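Below you can see the structure in the form of structure tokens.
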């Protein structure tokens with residue numbers, strides 16, 4: 005946003021509510037006042053640090069080693085005990101963070117990007133003579149995808165592509181982008197009638213540049229919130245798919261740990277279940293608090309209050 | 021004749037034992053996908069098929085070791101002196117169930133021609149049958165009939181109906197297991213009218229003459245109700261091989277003289293998830309369960325001998341027995357990365373690699389973790405339940421030996437860098453995945469890099485089976501339930517000509533093994549044949565074709581107010597007709 009080329013028209017219409025600079029500052033100020041949001045941010049930060057520890061090979065690397073006895077209790081050697089195979093539950097729970105963040109990041113980035121591109125195209129061409137088919141086509145496509153029950157669709161895609169390591173990612177991206185797409189479409193429809201966009205069109209700036217420099221940047225607040233929501237949803241979905249055996253195949257995930265625990269709980273062993281559930285709960289809590297706080301911080305209606 | 025008189029005498033007692041509508045609720049850990057006998061290729065389908073259709077023979081309900089018993093056949097067959105011609109008479113007056121496929125919807129009598137037709141179907145490519153291997157190259161003219169276009173009007177020399185009730189089978193060579201094959205769902209008798217009427221829908225519209233008829237069937241459950249027209253044959257403990265010393269606690273005595281089937285309705289729930297199945301049983305929603313291994317701790321007072329905890333013993337009957345089969349992990353010998361290789365040097369290296377993997381496999385741990393230490397580990401491919409099993413066999417092949425394993429790798433030039441990537445196939449379930457992880461940890465002990473051992477997962481067993489039948493799986497774990505009590509049934513799993521898509525999923529092909537198999541396949545049970553079987557067993561062990569094996573201990577529980585002895589062995593299911601409500605009542609009334 006600090007590119008001089010981007011500022012050319014934004015500076016002319018500095019009072020525009022969609023101008024990002026002052027809004028970003030206001031948002032950050034509001035976020036700092038939101039205690040729940042900061043708490044969420046702290047949780048996310050802690051999990052992020054742990055995840056980086058896993059990525060760099062400092063934590064959780066022994067998740068697959070069956071070094072203990074069957075269902076050993078909590079001890080100095082095994083902080084959360086062991087599972088049926090004698091694998092360390094703490095290491096598995098921590099390593100699962102990598103799985104969660106990896107899927108969360110990939111899915112949220114791709115689905116947000118796809119939603120943004122298709123949404124902005126649909127919004128831009130809405131009502132444009134001779135080009136309404138773009139909007140119509142994208143809307144129809146979104147409608148088709150949205151009409152299929154979400155988990156059924158994701159499970160079906162994951163099932164159809166099973167064995168392929170990116171099956172789950174594709175399944176989620178294919179469904180998650182539509183919400184972002186609809187929001188961005190609506191926002192683009194509003195932005196395209198703003199003065200700075202009209203000016204850009206008037207001076208003959210190509211559509212591609214108008215969309216990339218003036219419309220999309222002004223939807224960043226939506227994209228940020230949507231990416232956070234998609235991140236959380238992707239992790240939840242991964243856990244569900246892995247629990248069903250359609251998700252992670254050659255690694256460990258909280259979903260797989262929960263699936264294992266279905267047999268262990270009946271036999272009176274709860275460590276796997278508790279470790280996976282609590283980690284998932286805390287991560288989702290952190291991201292949900294953060295997403296709420298971001299939404300409040302970037303909401304123009306809240307800003308005017 | 022005696023049977024007919026008995027039937028008249030006992031007719032009043034058929035409706036139910038206690039004058040009320042009786043229901044037996046069975047559970048299975050998998051679901052059949054097809055109830056067409058020609059496609060009843062798994063134990064789940066067989067359980068239903070043998071109750072919906074008739075087979076010529078079955079096993080005596082209570083006799084152990086198993087003994088053949090005429091079912092639809094009137095007697096055991098007349099066999100010619102050379103062992104090549106079997107003449108079988110079927111019982112008179114047996115009718116198919118009433119169904120729209122018949123004229124005026126009334127079931128017509130079952131005839132010998134129906135049996136001939138049913139076996140021919142297996143050789144008709146349009147049927148896509150899965151049981152033809154039982155009679156392939158066995159019956160005179162049958163394989164030629166298939167090659168000539170499978171025209172049902174064309175007679176097969178070795179498979180004929182001499183009249184309405186007489187079947188004659190002529191064999192190419194003696195086939196001692198023939199009668200065992202005629203106990204299986206594959207050999208169940210189907211009326212041609214039903215095939216013509218329902219076509220592929222026969223999979224869900226069974227039209228047979230068995231003790232039950234189908235009321236509903238889906239992926240979650242099947243409901244069968246009594247076939248009221250089923251032949252009336254009084255239950256005889258003596259005839260069924262009752263052993264009072266071992267079986268008196270099951271309350272079977274009061275069934276004497278009654279007319280099977282004893283239950284008005286059989287509900288079979290297909291619940292793959294162990295926890296869900298167990299919970300349903302404990303909640304009183306099921307009458308029978310195969311206890312999941314994860315529950316053995318809660319169920320058993322002691323492992324050896326297996327004893328039920330007193331709290332459960334009050335409510336349930338229980339039986340602990342070795343399965344009639346085994347679990348083994350085969351190398352795909354068709355895969356040049358680990359199996360046969362045209363270069364003799366690489367071939368020898370591959371064999372060393374297979375042997376090293378086999379040596380690194382820890383059977384003791386596998387048994388302890390996944391089978392509660394109650395399975396029986398044995399070397400090779402003749403499981404303990406087979407009469408030809410050698411209890412004094414050499415245990416070296418199933419003893420973990422990491423030093424030898426590492427030496428084999430080193431001496432054949434294998435190291436962490438050049439070891440091939442291993443792909444282990446399995447269906448995507450919790451237990452299978454844990455077994456995979458355990459396998460990977462075993463291999464880590466001989467220096468097999470973790471990132472070179474990959475899961476190859478499949479959503480359903482059907483997908484998995486299709487992949488290994490297409491020779492696409494490098495290492496595959498398979499559970500085999502014996503079709504009949506003869507080790508030939510497991511040895512044929514490694515017979516060269518049976519390679520995939522046949523039953524030899526390892527695609528093993530050893531000349532000496534094949535020669536011995538061919539020679540023994542026409543022999544009746546004898547010490548010489550047993551010696552040959554054991555020699556074949558050793559050949560398979562020495563070639564390191566399979567990591568084998570273990571026979572699991574099955575813990576079966578059923579309500580104490582049931583008078584029955586359930587059986588999963590040898591493609592069971594016939595026992596449904598003998599399941600009755602007993603005189604002994606459960607102490608826990610809340611359960612019912």
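Protein chains in written order, with my numbering: chain A, 5 to 309; chain B, 21 to 612. Backbone N, C-alpha and C define an ideal beta-carbon position, used for all residues, glycine too. Remember, predicted model here, so these are calculated numbers, not experimental data.
| Asked | Found |
| --- | --- |
| Among residues of its own chain, excluding the 5 on either side of residue 211 of chain A, which ones have a beta-carbon nearer than 6 angstroms to its beta-carbon? | none |
| Any chance you could list the alpha helix (DSSP H) runs of at least 4 consecutive residues sitting entirely within the stretch 135-178 of chain A, in chain order? | 136-151 and 154-164 |
| Quick one: grab the DSSP three-state call for residue 295 of chain A. | helix |
| Distance cutoff 8 angstroms, beta carbons only. Does residue 383 of chain B sit that close to anything in chain A? | no |
| With 8 angstroms as the limit, tell me which residues of the stretch 460-477 of chain B have their beta carbon closer than that to any beta carbon of chain A; keep them in chain order. | 460, 461, 464, 470, 474, 475, 476 and 477 |
| If we count Cβ pairs, one from each stretch, closer than 8 angstroms, do we get three or more for the stretch 210-230 of chain B versus the stretch 173-190 of chain B? | no |
| May I ask you to list the residues that DSSP assigns as paired with residue 89 of chain B? | B/78 |
| In chain B, what lies closer than 8 angstroms to residue 271 of chain A by C-beta? | 314, 315, 317 and 318 |
| With a 10 Å radius around its C-beta and 16 neighbouring C-beta atoms as the bar for buried, classify residue 548 of chain B as buried or exposed. | exposed |
| Can you pull out the residues from the stretch 62-78 of chain A whose beta carbon lies closer than 8 angstroms to at least one beta carbon of chain B? | 68, 69, 70 and 74 |
| Taking only runs of the beta strand (DSSP E) that begin and end inside the stretch 178-230 of chain B, which ones reach a length of at least 3 residues, in chain order? | 179-183 and 186-190 |
| Would residue 289 of chain A pass as an interface residue toward chain B - the criterion being a Cβ-Cβ separation below 8 angstroms? | no |
| How far does the beta strand (DSSP E) with residue 45 of chain B in it reach, from first residue to last? | 43-48 |
| At a cut of 8 angstroms, does the stretch 50-60 of chain B reach the stretch 150-162 of chain B through at least three beta carbon pairs? | yes |
| If you pair each beta-carbon of the stretch 142-155 of chain A with each one of the stretch 165-182 of chain A, do three or more pairs fall below 8 angstroms? | yes |
| Apart from the five residues on each side of it in sequence, which residues of its chain come closer than 7 angstroms, Cβ to Cβ, to residue 269 of chain A? | 277 |
| Can you list the residues of chain B that residue 92 of chain A reaches, using a CB-CB cut of under 7 angstroms? | By Cβ distance, chain B contributes nothing, its closest Cβ being about 12 angstroms from residue 92 of chain A, past 7 angstroms. |
| Residue 448 of chain B CB to nearest chain A CB: under 8 angstroms? | yes |
| Counting pairs of Cβ atoms below 8 angstroms between the stretch 310-321 of chain B and the stretch 66-75 of chain B, do you hit three or more? | no |
| Return no unless some Cβ of chain B is closer than 8 angstroms to the Cβ of residue 254 of chain A. | yes |
| Which word fits residue 61 of chain A, buried or exposed, when buried means at least 16 other C-beta atoms lie within 10 angstroms of its C-beta? | exposed |
| Name the one or two DSSP bridge partners that residue 242 of chain B has. | B/237 and B/288 |
| When you compare each of B/239, B/414, B/372 and B/328 to residue 425 of chain B by their alpha carbons, which one comes out closest? | B/372 |
| Using 8 angstroms as the limit for Cβ to Cβ distance, is residue 389 of chain B near chain A? | yes |
| According to DSSP, simplified to helix, strand and coil, what is residue 574 of chain B? | strand |
| Going by DSSP, what residue range makes up the beta strand (DSSP E) through residue 167 of chain B? | Taken as a continuous stretch (DSSP letters only), residue 167 of chain B belongs to no beta strand (DSSP E), being part of the alpha helix (DSSP H) at 162-167. |
| I'd like the span of the beta strand (DSSP E) that includes residue 247 of chain A, first residue to last. | Counting along the chain, residue 247 of chain A falls outside any beta strand (DSSP E), though it belongs to the alpha helix (DSSP H) covering 224-248. |
| Could you tell me whether the stretch 389-403 of chain B touches the stretch 329-336 of chain B, using the rule of 3 or more Cβ pairs below 8 angstroms? | no |
| Taking residue 190 of chain B as the reference, which of B/220, B/168, B/157 and B/172 has the closest Cα? | B/157 |
| Cβ atoms of residue 346 of chain B and residue 516 of chain B: under 8 angstroms apart, would you say? | no |
| For residue 504 of chain B, tell me which candidate among B/199, B/109 and B/563 has the shortest Cα-Cα distance. | B/199 |
| Run down chain B in chain order and give the residues with a C-beta less than 7 angstroms from the C-beta of residue 163 of chain A. | 479 |
| From the DSSP secondary-structure annotation, give me the bridge partner or partners of residue 519 of chain B. | B/524 |
| Would you mind giving the Cβ-Cβ distance between residue 117 of chain B and residue 249 of chain B, rounded to the nearest angstrom? I have them listed as a contact below 8 angstroms. | 7 angstroms |
| Measure from the alpha carbon of residue 553 of chain B to the alpha carbon of each residue in B/594, B/591 and B/507, then state which is nearest. | B/507 |
| Are any of the Cβ atoms in chain A nearer than 8 angstroms to that of residue 292 of chain B? | no |
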